Amino acid sequence: MEGTSNSRTDSLIWTDAQLEFLINLLVEQSRLPGMKSGANLKPKACKAISQKMIEQFGPDTVLNIDELFTILKMLVFNLLIISLMAIQGTAWT
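When we follow the working numbering, the leftmost residue of the sequence shown carries the number 46, and every step to the right adds one.
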């Protein structure tokens, strides 16, 4: 992650490796017993994700819950766009 402005969440640039690792952690934590409350991850799951991100990528990858949800919203939005393009038959070049 790299940042260029004062707002940390607005300036995060995630590498593909970081996003892939984060997604795998989210799936892993959501499958562990006691880590979800309904459809949401519990705070202890978010702390575990943050700790594993720090171990893998260093202390600059510290995530709080707001940052985690910001990243997830971005991923969901991107997946929605890709799905719509696939439904409309957009050619990939």
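Beta carbons: idealized from backbone N, C-alpha and C, even for Gly. Note that the coordinates shown come from a computational prediction; the quantities given were computed from them, not determined experimentally.
- When the five nearest sequence neighbours on each side are left out, the beta carbons in the same chain lying within less than 7 Å of the beta carbon of Ala93 are those of Gln74, in order along the chain.
- Note that the C-beta distance between Phe66 and Gln101 is below 7 Å.
- When DSSP states are grouped into helix, strand and coil, Asn69 belongs to the helix group.
- Taking C-alpha positions only, Met80 is separated from Pro88 by approximately 8 Å.
- The beta carbons of Thr106 and Ile99 sit closer together than 7 Å.
- DSSP places Lys87 in the coil class of the three-state scheme, outside both helix and strand.
- Only residues of its own chain outside the window of five on either side were considered, and among them Cys91 have a CB closer than 6 Å to the CB of Ile110, listed in chain order.
- Setting aside the 5 residues that flank it on each side, Leu70 is surrounded in the same chain by Ile94 and Lys97, each with a C-beta closer than 6 Å to its C-beta; the list follows chain order.
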